[in-house]
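Trainee:
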Ligand code: PBG
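Residue numbers (the working numbering): 10 to 317.
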């Protein structure tokens with residue numbers, strides 16, 4: 010009766026990985042309980058997500074071949090596009106089909122964009138590829154596209170491309186304030202990334218709060234429908250600050266390393282797993298996130314259902 014914050018299935022999005030060429034799901038060792046799906050097991054998981062009343066699923070594709078340009082990302086029959094088709098066929102409008110629009114899953118160097126001859130990320134060339142990806146995803150049935158590469162102008166370019174292709178109802182969830190973070194570690198295994206070095210030339214510096222508000226304002230001006238802060242736990246103050254200045258829904262991504270920390274400590278018997286998950290998700294909602302992307306979404310939804 011007196012709880013001031015709730016974590017409800019409708020507020021949660023389940024991130025899911027689907028890998029090309031798998032015959033059975035492949036466990037991700039640094040994320041116990043999370044797997045790279047086959048297209049078949051992805052379909053089943055998406056149906057479970059819809060039945061559990063989750064807001065949606067966020068799809069990440071892992072191609073079997075990677076190259077410098079991330080060609081698999083714009084292949085109409087690439088793994089991510091096929092995954093969108095498969096999931097949309099299963100869930101229709103029962104839950105939202107969302108896609109990560111980024112190149113790091115597809116490039117052999119692991120950066121979020123294509124590179125210039127000197128090895129820097131080429132912002133403008135990358136943005137054009139994101140726009141092409143977003144249109145492919147919308148055509149395949151994505152309700153929401155989520156550009157996550159932190160390139161300047163990515164939201165505007167995607168909005169223009171979607172409009173030009175007639176996808177006027179596709180929503181853009183902008184990874185607006187995304188920080189360069191050590192907590193993405195396990196994600197690298199999840200998408201088989203070979204990244205050397207870091208993403209500090211395009212992701213944000215963890216010491217900057219005002220910069221996040223600037224990035225959010227730019228994305229909204231470019232046509233974002235929802236904005237996201239990422240990671241969540243080390244950036245709860247950023248979530249709160251963004252929530253206070255925007256009127257659109259604010260999402261936060263409870264990322265791989267945040268998941269892994271709880272799972273690892275729980276596996277060692279050092280913390281109470283269920284309680285720690287509840288506290289984690291509640292803290293992100295209490296900080297002001299309307300929507301939480303979390304690898305615990307399905308488990309939480311089941312628990313929430315049985316608690317009532
Ligand atoms: C970029 C992307 C990343 C994550 C989501 N989208 C990785 C990165 O930017 O380094 C991380 C998610 C997680 O760690 O759970 N495609």
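C-beta: ideal position from N, C-alpha, C; glycine also.
Would you report the Cα separation of residue 168 and residue 94, rounded to the nearest angstrom?
Mentor: As a position in the chain shown, residue 168 is number 159, starting the count at 1. As a position in the chain shown, residue 94 is number 85, starting the count at 1. Straight-line Cα distance between these residues: approximately 21 Å.
Trainee: Specify, as a first and last residue, the run of the alpha helix (DSSP H) that residue 90 falls within.
Mentor: If you number the chain shown from 1, residue 90 lands on position 81. Residues 88 to 100.
Trainee: Rounded to whole angstroms, what is the Cα-Cα separation between residue 273 and residue 125?
Mentor: What you label residue 273 is simply residue 264 of the chain shown in a count that begins at 1. What you label residue 125 is simply residue 116 of the chain shown in a count that begins at 1. Rounded to the nearest angstrom, the two C-alpha atoms are 39 Å apart.
Trainee: Taking all protein chains shown into account, decide if residue 113 is buried (16 or more other Cβ within 10 angstroms of its Cβ) or exposed.
Mentor: Reading the chain shown from its first residue, position 104 is the one you call residue 113. Buried, because 16 or more other Cβ atoms sit within 10 Å of the Cβ of residue 113.
Trainee: With a Cβ-Cβ cutoff of 9 Å, do residue 68 and residue 106 count as a contact?
Mentor: As a position in the chain shown, residue 68 is number 59, starting the count at 1. As a position in the chain shown, residue 106 is number 97, starting the count at 1. Yes, Cβ-Cβ distance for residue 68 and residue 106 is below 9 Å.
Trainee: For residue 242 and residue 293, I'd like the C-alpha separation in whole angstroms.
Mentor: As a position in the chain shown, residue 242 is number 233, starting the count at 1. As a position in the chain shown, residue 293 is number 284, starting the count at 1. If I take the Cα positions, the gap works out to 7 Å.
Trainee: Secondary structure at residue 44, three-state DSSP: helix, strand or coil?
Mentor: If you number the chain shown from 1, residue 44 lands on position 35. In the structure shown, residue 44 sits in a strand (DSSP, three-state: E or B).
Trainee: Got a sec? Which residues, its chain only, sit under 7 Å from residue 304 by beta carbon, not counting five neighbours each side?
Mentor: For the purposes of this step, residue 304 is taken as residue 295 along the chain shown, with counting starting at 1. Contacts found: 24, 40, 43 and 268.
Trainee: So what's residue 107 in DSSP terms, helix, strand or just coil?
Mentor: Counting from 1 along the chain shown, the entry for residue 107 is found at position 98. Note: residue 107 maps to strand in three-state DSSP.
Trainee: Quick one: what does DSSP say residue 35 is sitting in, helix, strand or coil?
Mentor: Position 26 of the chain shown holds residue 35. Three-state DSSP puts residue 35 in a strand.
Trainee: Looking at the unbroken beta strand (DSSP E) that takes in residue 184, where does it start and where does it end?
Mentor: As a working note, residue 184 is residue 175 in the chain shown. Per DSSP, residue 184 belongs to the beta strand (DSSP E) from 180 to 187.
Trainee: Given a cut-off of 9 Å, decide if residue 203 and residue 75 are closer than it, judged by their beta-carbon atoms.
Mentor: Along the chain shown, one-based indexing puts residue 75 at 66. Along the chain shown, one-based indexing puts residue 203 at 194. Against a cut-off of 9 Å, the Cβ pair of residue 203 and residue 75 comes out as a contact.
Trainee: Tell me the DSSP secondary structure of residue 135 in three-state form.
Mentor: The residue labelled residue 135 in the question sits at position 126 within the chain shown. Helix.
Trainee: Please say whether residue 263 and residue 301 have beta carbons closer to each other than 9 Å?
Mentor: Walking along the chain shown from the start, residue 301 turns up at place 292. Walking along the chain shown from the start, residue 263 turns up at place 254. Result yes, Cβ atoms of residue 301 and residue 263 sit closer than 9 Å.
Trainee: In three-state DSSP terms, what is residue 233?
Mentor: The sequence position of residue 233 within the chain shown is 224, counting from 1. Coil at residue 233, not helix or strand.
Trainee: Between the Cα of residue 66 and those of 289, 166 and 18, spot the shortest distance and give me the residue it belongs to.
Mentor: Taking the first residue of the chain shown as 1, we reach residue 66 at position 57. It is 18.
Trainee: Please determine whether the Cβ atom of residue 214 lies at a distance below 8 Å from any heavy atom of ligand 1.
Mentor: Translated into the one-based positions of the chain shown, residue 214 becomes position 205. False, no ligand heavy atom lies under 8 Å from that Cβ.
Trainee: Can you tell me whether residue 147 sits near ligand 1, meaning its C-beta is under 8 Å from at least one heavy atom of the ligand?
Mentor: For this step, residue 147 is matched to residue 138 along the chain shown. Flag unset: Cβ of residue 147 not near ligand 1.
Trainee: Anyone know if the C-beta pair for residue 155 and residue 181 falls short of 9 Å?
Mentor: Stepping through the chain shown from its first residue, residue 155 is reached at position 146. Stepping through the chain shown from its first residue, residue 181 is reached at position 172. Closer than 9 Å, so yes.
Trainee: In the DSSP output, which residue or residues are listed as bridge partners for residue 70?
Mentor: In the chain shown, counting from the first residue as 1, residue 70 sits at position 61. DSSP, once it has assigned bridges, lists 27 as partnering residue 70.
Trainee: Would you call the segment 277 to 288 in contact with the segment 210 to 227, where contact means no fewer than 3 C-beta pairs closer than 8 Å?
Mentor: As far as the Cβ criterion goes, the segment 277 to 288 does not touch the segment 210 to 227, which means the pair count is below three.
Trainee: Measure the C-alpha to C-alpha separation of residue 249 and residue 237 and round it to an integer number of angstroms.
Mentor: If you number the chain shown from 1, residue 249 lands on position 240. If you number the chain shown from 1, residue 237 lands on position 228. Approximately 12 Å, taken between the alpha carbons.
Trainee: Check residue 300 in the structure and name its three-state DSSP category.
Mentor: Position 291 of the chain shown, counted from the start, is the residue given in the question as residue 300. Residue state, collapsed to three classes: strand.
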